[in-house]
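FYI, UniProt numbering numbers position 129 of the sequence shown as 129, with every residue one higher than the one before it.
No residue lacks a Cβ here, since even glycine has one placed at the ideal position from N, Cα and C.
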Amino acid sequence: MVENNSFPTVSQNVIEEEDDDDDSMTPQQLFQCLQQAWLNEKYSPVLLKHENLLVLATFELLDDIEKRLKSSEHKTTSFRWLMHRTEYNRLYFILCSYIRTRCFKIEEYPAAALNSEELLSPEECVYAHTYLNNMKHHLKKTVLTELKSEQQQTDENALVQLLPKPNLNEFVFFQADKSVNGLVLTSESNNTGAPNDVLDIKSDDQYIMQFKHIHKLIVEKEIHLV
């Protein structure tokens with residue numbers, strides 16, 4: 001039985017599922033996974049797949065820590081309590097920043113986000129549809145009404161083409177979690193029939209490269225952005 005002045009920390013306790021299967025994750029592992037998901041999302045020019053299970057597990061951990069903090073008999077006076085309060089704030093900040101980053105990308109590229117709805121959470125999908133519909137209405141009101149009558153018949157969907165799209169040619173820094181041999185660096189300007197460049201990536205080494213070349217490696221969790 002856990003006493004009221006004991007708190008789950010990132011270095012102790014285990015988040016166990018009801019069936020106590022092999023998918024259990026320690027708070028330390030949860031924090032590291034959330035932090036890496038946040039950095040990948042932060043530095044990626046496109047939306048990555050929503051880490052739904054990771055987010056839910058983090059909310060559960062935060063809720064558990066908060067309840068224990070409130071029930072502690074040594075509120076604000078114990079160094080242990082202050083340490084766990086700081087830990088709670090850090091975890092909460094990363095989770096909120098992860099969610100805000102994804103919302104920003106949806107607002108920046110709503111059409112692109114809805115072209116890959118499988119990457120969105122249900123709540124993000126609703127938000128993206130609502131935002132895009134409002135954007136269409138705004139463009140129709142501010143753009144089409146200023147055109148000649150025959151041009152005002154333009155399909156609303158054509159207005160979506162005016163919205164910005166993610167830049168896959170953007171350069172990003174990344175570190176390899178495992179060695180990858182034979183990464184092909186395709187070039188759109190290579191129309192001469194010359195072979196594309198091929199690169200071998202070594203584990204733990206850091207590189208800078210255009211995002212389009214490594215998008216698949218991020219999805220497969222073979223590398224992470226830094």
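In whole angstroms, what separates the C-alpha of residue i from that of residue j?
i: A112; j: V143; result: 21 Å
i: S179; j: H213; result: 15 Å
i: T58; j: L185; result: 37 Å
i: D63; j: D200; result: 44 Å
i: T130; j: S116; result: 16 Å
i: P122; j: N134; result: 19 Å
i: N89; j: L82; result: 11 Å
i: K42; j: Y207; result: 17 Å
i: E220; j: Y127; result: 27 Å
i: L139; j: Q28; result: 47 Å
i: L34; j: D197; result: 34 Å
Which residue marks the beginning of the beta strand (DSSP E) containing residue i, and which one marks its end?
i: H224; result: 223 to 225
i: Y109; result: From DSSP, Y109 is part of no beta strand (DSSP E); its letter is neither H nor E.
i: M135; result: Run containing M135: none in the beta strand (DSSP E); it sits in the alpha helix (DSSP H), 122 to 142.
Identify the residues that DSSP records as bridge partners of residue i: which are they?
i: L199; result: L183
i: Q161; result: Per DSSP, none; premise fails for Q161.
i: M209; result: V172
Starting from residue i and walking both ways along the alpha helix (DSSP H), at which residues does that stretch end?
i: V172; result: Premise fails: V172 lies in the beta strand (DSSP E), 171 to 176, not in any alpha helix (DSSP H).
i: L48; result: Taken as a continuous stretch (DSSP letters only), L48 belongs to no alpha helix (DSSP H), as it is neither H nor E.
i: S78; result: Run containing S78: none; DSSP gives neither H nor E here.
Could you tell me which of the options sits nearest to residue i, measuring between CA atoms?
i: V46; options: L119, F79, V55, S72; result: L119
i: T26; options: L168, E60, K42, Y43; result: E60
i: Q175; options: P166, L159, I223; result: I223
i: L56; options: R68, Y98, T86; result: Y98
i: L168; options: Q210, F31, R68, N52; result: Q210
i: E107; options: L217, L163, L225, D177; result: L163
i: Y109; options: Q161, L54, N52, V226; result: Q161
Applying the criterion that 16 or more other CB atoms from any shown protein chain within 10 Å of the CB defines a buried residue, is residue i buried or exposed?
i: K105; result: buried
i: H50; result: buried
i: S24; result: exposed
i: V172; result: buried
i: R102; result: buried
For the ligand ZN, any of its heavy atoms closer than 8 Å to the Cβ of residue i?
i: N169; result: As presented, the structure is devoid of all ligands, the ligand ZN included, so that no description of it is given.
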